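Take the sequence shown: its position 726, counting from 1, is numbered 725 in numbering that gives the first Met the number 0, and each next residue is one higher. These notes concern the structure reproduced below.
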Amino acid sequence: MKMHSRAFCLMRLPQTSTILSHLHQGSFARSSAHYLSTSNDQDVGRAYNPSYVESKWQDRWDTHSPGNSPSGKSGRFSMVLPPPNITGQLHLGHALTLAVQDALCRWRRMRGDEVVWVPGTDHAGIATQVIVEKALWAEQRRTRLHLGRREFLKRIWKWRSDRSDQIYRQMKALGVTLDWDKAVFTMDPDMSEAVTEAFIRLFDAGLVYRAQTLVNWSCYLQSAVSDIEVEHQPVDGTMVDFAYCWDEDPSEEIVVSTTRPETMLGDAAVAVSPCDDRWRHWVGRRVTHPLRPGRPALPVVADGVVDPHFGTGAVKITPAHDFNDFDVGKRHNLEMLTILSEDGRINENGGQFQGLSRVEARLAVVEALKELGLFRGERPHQVAVPVCSRTGDVIEPMVKHQWFVRCDQMAAAALEAVEAGELVIDPPALAATWRKWLGGCRDWCVSRQLWWGHQIPAYCVRCLDGTERWVAAASDQDALSKLGLTPADVTAVRRDQDVMDTWFSSALFPFTVFGWPKQTPELAQQYPLSLMETGHDILFFWVARMVMLGQALTGQLPFKKVLLHGLICDAHGRKMSKSLGNVIDPDTIIEGATLDQLHQQVDASAAQGYISQEEAEKAKQSQRSLYPEGIPACGADALRFSLCTTDLRNTFLNLDVREARQARLFGNKLWQATRFALRHLADTGYRCDEQARWSRLRDAQAPLNRWMLSCLSACVETCSTSMEQHCLHTATNVMHYTLYRQFCDVYLVGRHRTFSLDW
Numbered sequence: 000m001k002m003h004s005r006a007f008c009l010m011r012l013p014q015t016s017t018i019l020s021h022l023h024q025g026s027f028a029r030s031s032a033h034y035l036s037t038s039n040d041q042d043v044g045r046a047y048n049p050s051y052v053e054s055k056w057q058d059r060w061d062t063h064s065p066g067n068s069p070s071g072k073s074g075r076f077s078m079v080l081p082p083p084n085i086t087g088q089l090h091l092g093h094a095l096t097l098a099v100q101d102a103l104c105r106w107r108r109m110r111g112d113e114v115v116w117v118p119g120t121d122h123a124g125i126a127t128q129v130i131v132e133k134a135l136w137a138e139q140r141r142t143r144l145h146l147g148r149r150e151f152l153k154r155i156w157k158w159r160s161d162r163s164d165q166i167y168r169q170m171k172a173l174g175v176t177l178d179w180d181k182a183v184f185t186m187d188p189d190m191s192e193a194v195t196e197a198f199i200r201l202f203d204a205g206l207v208y209r210a211q212t213l214v215n216w217s218c219y220l221q222s223a224v225s226d227i228e229v230e231h232q233p234v235d236g237t238m239v240d241f242a243y244c245w246d247e248d249p250s251e252e253i254v255v256s257t258t259r260p261e262t263m264l265g266d267a268a269v270a271v272s273p274c275d276d277r278w279r280h281w282v283g284r285r286v287t288h289p290l291r292p293g294r295p296a297l298p299v300v301a302d303g304v305v306d307p308h309f310g311t312g313a314v315k316i317t318p319a320h321d322f323n324d325f326d327v328g329k330r331h332n333l334e335m336l337t338i339l340s341e342d343g344r345i346n347e348n349g350g351q352f353q354g355l356s357r358v359e360a361r362l363a364v365v366e367a368l369k370e371l372g373l374f375r376g377e378r379p380h381q382v383a384v385p386v387c388s389r390t391g392d393v394i395e396p397m398v399k400h401q402w403f404v405r406c407d408q409m410a411a412a413a414l415e416a417v418e419a420g421e422l423v424i425d426p427p428a429l430a431a432t433w434r435k436w437l438g439g440c441r442d443w444c445v446s447r448q449l450w451w452g453h454q455i456p457a458y459c460v461r462c463l464d465g466t467e468r469w470v471a472a473a474s475d476q477d478a479l480s481k482l483g484l485t486p487a488d489v490t491a492v493r494r495d496q497d498v499m500d501t502w503f504s505s506a507l508f509p510f511t512v513f514g515w516p517k518q519t520p521e522l523a524q525q526y527p528l529s530l531m532e533t534g535h536d537i538l539f540f541w542v543a544r545m546v547m548l549g550q551a552l553t554g555q556l557p558f559k560k561v562l563l564h565g566l567i568c569d570a571h572g573r574k575m576s577k578s579l580g581n582v583i584d585p586d587t588i589i590e591g592a593t594l595d596q597l598h599q600q601v602d603a604s605a606a607q608g609y610i611s612q613e614e615a616e617k618a619k620q621s622q623r624s625l626y627p628e629g630i631p632a633c634g635a636d637a638l639r640f641s642l643c644t645t646d647l648r649n650t651f652l653n654l655d656v657r658e659a660r661q662a663r664l665f666g667n668k669l670w671q672a673t674r675f676a677l678r679h680l681a682d683t684g685y686r687c688d689e690q691a692r693w694s695r696l697r698d699a700q701a702p703l704n705r706w707m708l709s710c711l712s713a714c715v716e717t718c719s720t721s722m723e724q725h726c727l728h729t730a731t732n733v734m735h736y737t738l739y740r741q742f743c744d745v746y747l748v749g750r751h752r753t754f755s756l757d758w
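Below you can see the structure in the form of structure tokens.
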């Protein structure tokens, strides 16, 4: 959107000056003039060439110091760019964020504000580890376990170096005016120090604790993941009925319904509704587990969580493998028996089924129940299967020792900030989502059983009496000191091998980029941020957590306003996905690509293990449908302008590549208008002997000049109001109309006709 931003330069000049002087203030016009004056080939300047024009400005964008405000600055404006993950190239969603934020920063500088806009990249713990391991498997048919932790981390650091360079190159190709000297990576030494300090402070304040509880377990990653990284996908499944027999009279049975028969190996009870007369007389009885001989009988309990209309009205309770059952287990003091290993296979508690996968165990358990005469039938039933959004594998609830951030108080403070108007969410409709999420916010599991990420600064100290004590500290010496112990008082001190959830370090981003926990002058000047602009899909993932940890660690909101934009979709309204073949690299629109080149990009993704061969074929078929002639080169200006012509507040933003081409045509129109103005309307071309003739011509055009100035004045007013309200689409529309319809189609045509007749 540099063309958009440059057009903003037209807005700040005195309305008494002529339309020509306004045009000369715009960077686009200056680049036109520079292009025409320096080119030796007279034909080169006859058409707008984005690659040539943008290359002339690239050095200035790269070396520009956007933090240096012009004289007479009126205020301060600070913002951070949401750090892209180092998992791959930028996509159009990133380009949208960059276009919007760059326009806002340029506009603020034009107003005289001192602007600081900090870039960075995110280590993206789960996503990066998964993608690097996929690439390793595709190249060498090896996993991280074959390499070992040290060598695997070396490979990831190499990946990070390559990807960060590529990401920054893509950003610079878009012409954004970031403070490049302030660029950070979320695992830089200073950032790691800040993460360690934040964790320790929260632990000392009682806001971080370690507990054994039920978590979302990814068997693929062999790690816990947070609730918001779990997607529930509807699947046509099966409901199975089987019988439990009364331990005192096996002829009496209670039939339970379940969609996961394999987990009955970990059952701790049978539950019925206290309002269900069919099973009320069973409450207090015990039933025999048919596949776990020798184990204690299971109690039948009454609990309000049971839906009497679900299946038979009686359900099995497996506290160690279901979140609802876990709560029932705590209420009734039931056994928490884990029957799955970390890789998703039945463990030693599964008896004869040990070693089977979850799928194999389901079939085997049903078959065993049939052999025992306890199977009572099955029927189709739609179930919501929890799936990891990062890996696509089915999530398994499992009881694990994990680290948690206590969220109730922090969530309440974040809610109060919005209710009191101290924090503004734009668009306002998303404030309801804010209330919904934070109103029922559970404690945040922040430990991950990964190799890539910030290692948790916590130590387990084993005392001489065999007891273990956990403490958050910067080193083992600090751990002993905080516990008031000496090396002679303990038998071992070991650091937790887990790493922290990526969103923990990301939540600290608004203040760690300015040097926190050190009280630097930059922190005092730039924090809190003036604005947080990002996609609405990470309102809870990132924005809410920045607010919660910002208030807890700095005592103030990290920003006073949040501007949220929608998700980029293709021209058909479909969310962009690699498997659909509609994900577009910004470089592709800037530089253009043939259909064969688009296919090559898909093949490269498949070769590196990003997508399967089946997905690759679907993607290429979709590309043939969407881009039969490829994608024409449009330039960065046209891409950014087209991105900003849609209403950012819409939930989904449909982008048709043809819109970028139309924006390039608009660029050509402005280019030609500049050429005409420089050749026929500039004062310098009609001085000396033609002074009298030019003066008469100027007087003859006074009504047209006044009309054009009034149009420009209206455009300035609308643009200023629109930018204040962050309505970029309104600003782009009025500028397009003013420059295209009023200036080019009316004013220049009128001036040209009078000029020709007079001449």
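Backbone N, C-alpha and C fix where the C-beta goes; we use that ideal spot for every residue, glycine too. Predicted model, so just to flag it, every value in this text is computed and none were measured.
*In angstroms with no decimal places, state the Cα-to-Cα distance between Glu-341 and Arg-285.*
31 Å
*DSSP puts Thr-237 in a beta bridge; with which residues?*
Pro-379
*Might you give, ordered along the chain, the residues of its own chain that have their beta carbon closer than 6 Å to the beta carbon of Asn-84, omitting 5 neighbours on each side?*
Asp-121, Ala-123 and Ala-126
*Determine the DSSP secondary structure at Ala-416, reduced to helix, strand or coil.*
helix
*For Tyr-219, which residues does DSSP report across the bridge?*
Note: Tyr-219 sits in no beta bridge, so no partner.
*3 or more residues per run - each beta strand (DSSP E) lying fully within the stretch 247 to 306*: 252 to 257, 268 to 271, 285 to 287 and 297 to 301
*Sequence-distant residues of the same chain with beta carbon closer than 6 Å to Asp-602, five excluded per side*: none
*If you drop the 5 nearest sequence neighbours on each side, which residues of the same chain put their C-beta closer than 7 Å to that of Glu-521?*
Phe-513 and Gly-514
*Where Tyr-458 sits in the DSSP three-state scheme*: strand
*Please state whether DSSP places Thr-120 in a helix, a strand or coil.*
strand
*Per DSSP, which one or two residues make a beta bridge with Ile-567?*
Leu-652
*Return the CA-CA distance between Gly-349 and Gln-518, expressed in angstroms with no decimal places.*
56 Å
*Nearest-angstrom Cα distance between Lys-559 and Leu-422?*
5 Å
*asked:* Does His-400 come out as helix, strand or coil in the three-state DSSP assignment?
replied: strand
*Is it the case that the Cβ atoms of Pro-49 and Ala-632 are separated by a distance below 8 Å?*
yes
*asked:* Let me make sure I understand the geometry here. Which of Arg-259, Glu-467, Ser-356 and Cys-218 has the alpha-carbon closest to that of His-380?
replied: Arg-259
*Closest by CA to Val-255, which one among Leu-647, Arg-657, Ala-223 and Ile-316?*
Ile-316
*Determine, using beta carbons only, whether Leu-738 and Leu-625 come nearer to each other than 8 Å.*
no
*Exposed or buried, what is Val-114 when buried is set at 16 or more other beta-carbons lying within 10 Å of its beta-carbon?*
buried
*asked:* Would you call the stretch 470 to 487 in contact with the stretch 213 to 226, where contact means no fewer than 3 C-beta pairs closer than 8 Å?
replied: no
*Starting from the Cα of His-643, find the closest Cα among Gly-372, Ala-506, Arg-461 and Gly-565 and give me that residue.*
The sequence as given places Cys at residue 643; His does not occur at that position. Closest option to Cys-643, Cα to Cα, is Gly-565.
*For Pro-65, does the three-state DSSP call read helix, strand or coil?*
Only weak support exists for where Pro-65 lies, its pLDDT of 46 falling under 50; the value from the coordinates is given anyway. Coil.
*Which of the three DSSP states, helix, strand or coil, is assigned to Gln-169?*
helix
*Secondary structure of Thr-490, DSSP reduced to three states*: strand
*Who are the near neighbours of Asp-324 in its chain, counting only those whose CB is closer than 7 Å to its CB and skipping five residues on each side?*
Ile-316, Thr-317 and Pro-318
*For the putative contact between Arg-200 and Leu-552, defined by C-beta atoms under 8 Å, what is the C-beta separation to the nearest angstrom?*
6 Å
*Minimum C-alpha distance to Trp-436 - residue among Phe-403, Val-239, Leu-414 and His-598*: Leu-414
*Who are the Cβ neighbours of Arg-623 in its own chain at under 8 Å, not counting the five residues just before and after it?*
Leu-594
_Less than 6 Å between C-beta atoms, sequence neighbours within five positions excluded: which residues of the same chain meet that for Pro-13?_
Caution applies to Pro-13, whose pLDDT of 27 falls short of 50 and renders its modelled position unreliable; the model cannot decide the point.
*How long is the line joining the alpha carbons of Gln-612 and Ala-605, rounded to whole angstroms?*
6 Å
*Going by alpha carbons, who is nearest to Leu-747 out of Glu-366, Glu-261, Leu-703 and Ser-709?*
Leu-703
_Check whether the stretch 98 to 105 and the stretch 172 to 179 touch, using three or more Cβ-Cβ pairs below 8 Å as the test._
yes
*Any chance the stretch 447 to 461 sits against the stretch 147 to 163, with 3 or more Cβ pairs inside 8 Å?*
yes
*Classify Gln-741 as buried or exposed, calling it buried when 16 or more other Cβ atoms lie within 10 Å of its own Cβ.*
buried
*Hey, would you say Gly-312 sits closer than 8 Å to Val-271, going by beta carbons?*
yes
*By how many angstroms is the C-alpha of Gly-666 removed from the C-alpha of Arg-750?*
21 Å
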